[in-house]
Amino acid sequence: MTSRVKTTPEAIKPQRLAQIPFWRLWLPLLFQTGIILAAPAQPFYTQLTGKTAILQTVPVDPYDPLRGYSQTLSYDISRIDNLQQLPGWQELMQQNTSESSVRDVPVGTNLYVTLEAPTSSSIPPSAWKPVRVSRDRPRNLAANQVAIKGKFTGNSITYGLETYYMPEAQRDEINQSIAQAQRDQQHFVVEVKVDNQGRAVPISLWVDRRNYRF
Numbered sequence: 641m642t643s644r645v646k647t648t649p650e651a652i653k654p655q656r657l658a659q660i661p662f663w664r665l666w667l668p669l670l671f672q673t674g675i676i677l678a679a680p681a682q683p684f685y686t687q688l689t690g691k692t693a694i695l696q697t698v699p700v701d702p703y704d705p706l707r708g709y710s711q712t713l714s715y716d717i718s719r720i721d722n723l724q725q726l727p728g729w730q731e732l733m734q735q736n737t738s739e740s741s742v743r744d745v746p747v748g749t750n751l752y753v754t755l756e757a758p759t760s761s762s763i764p765p766s767a768w769k770p771v772r773v774s775r776d777r778p779r780n781l782a783a784n785q786v787a788i789k790g791k792f793t794g795n796s797i798t799y800g801l802e803t804y805y806m807p808e809a810q811r812d813e814i815n816q817s818i819a820q821a822q823r824d825q826q827h828f829v830v831e832v833k834v835d836n837q838g839r840a841v842p843i844s845l846w847v848d849r850r851n852y853r854f
């Protein structure tokens, strides 16, 4: 009598697994690793290739209990009242308002603010002047201009530059410098890099003539 080899799915399953190409097991892992690495890579790219701009800022909250000492910053270009005066704001307004909109601009709207450098350099550096607002990224900027990307939140415009976490060794010094600047009614500014897509990363904080690197 001829014996038969069992050919049930359970019997051939190990053979099928052994035939799976090795790259098919590694490809998903490499893809996930790439996503993880891409997060810090974007700010590095912006810092490496971006153009320097200076933003006028004032502190809002000197302490963040979740992350330790920090400065929460608000900029002149964060204020809706300031941007409403610029060319291009009317183009952002929608014809029919809705519950999710404030002052006729939908909450969550992305926008670009064109900044223009001052005519002369100084120490500390002077803030760049906002000259225009647009829904789309400007294509033909002058050599002394950058376009920074922001998002309308309803109460202000955010740029991902609102919180500066201070180096532990400099916490007290920075807080004292900022407090003194506020008492003396002195302005302080943030130096940023802006890439060609409008993404910005903070580089340093200028308090009077003192510069603190991020």
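Going by our numbering, the letters in the sequence shown line up with residues 641 to 854, in that order. A virtual CB, placed ideally from N, CA and C, is assigned to each residue, including glycine.
Inter-residue Cα distance where the pair is residue i and residue j
| i | j | result |
| --- | --- | --- |
| THR749 | ARG772 | 16 Å |
| GLU756 | GLN816 | 31 Å |
| ARG849 | LEU695 | 15 Å |
| SER774 | MET733 | 11 Å |
| PRO683 | GLY790 | 16 Å |
| ILE766 | SER760 | Note that residue 766 is Ser in the sequence shown here, rather than Ile. When rounded, the distance between both Cα atoms is 9 Å. |
| VAL745 | LEU751 | 11 Å |
| GLN730 | GLU808 | 44 Å |
| ALA693 | GLN725 | 21 Å |
| PHE854 | VAL747 | 30 Å |
Proximity to residue i [Cα-Cα], best of the options
| i | options | result |
| --- | --- | --- |
| THR697 | VAL830, ASP824, MET806 | VAL830 |
| ASP835 | TYR799, GLN730, ARG719 | TYR799 |
| THR689 | LYS833, LEU781, GLY794, HIS827 | LYS833 |
| ARG777 | VAL841, GLY728, PRO842, GLN687 | GLY728 |
| LEU781 | TYR685, LYS691, ALA840, GLN810 | LYS691 |
Residues near residue i in its chain [Cβ-Cβ closer than 6 Å; skip 5 each side]
| i | result |
| --- | --- |
| GLN785 | THR754, GLU756 |
| PHE792 | VAL745, THR749 |
| PRO758 | SER766 |
Cβ neighbours of residue i in the same chain (closer than 8 Å, five flanking residues each side left out)
| i | result |
| --- | --- |
| SER796 | SER714, SER718, ARG719, ILE720 |
| ALA821 | HIS827, PHE828, VAL847, ASP848 |
| TRP768 | ALA693, ILE694, LEU695, LEU755, GLU756, ALA757, PRO758, VAL786 |
Original post:
If we count Cβ pairs, one from each stretch, closer than 8 Å, do we get three or more for the stretch 710-720 versus the stretch 801-808?
Top reply: Yes, since at least three Cβ pairs between the stretch 710-720 and the stretch 801-808 fall closer than 8 Å, the two stretches touch.
Subject >> Sequence ranges, alpha helix (DSSP H) only - wholly within the stretch 758-829, length at least 4 >> reply: Annotation: the stretch 758-829 contains the following complete segments of the alpha helix (DSSP H) (minimum length 4 residues), in chain order: 811-823.
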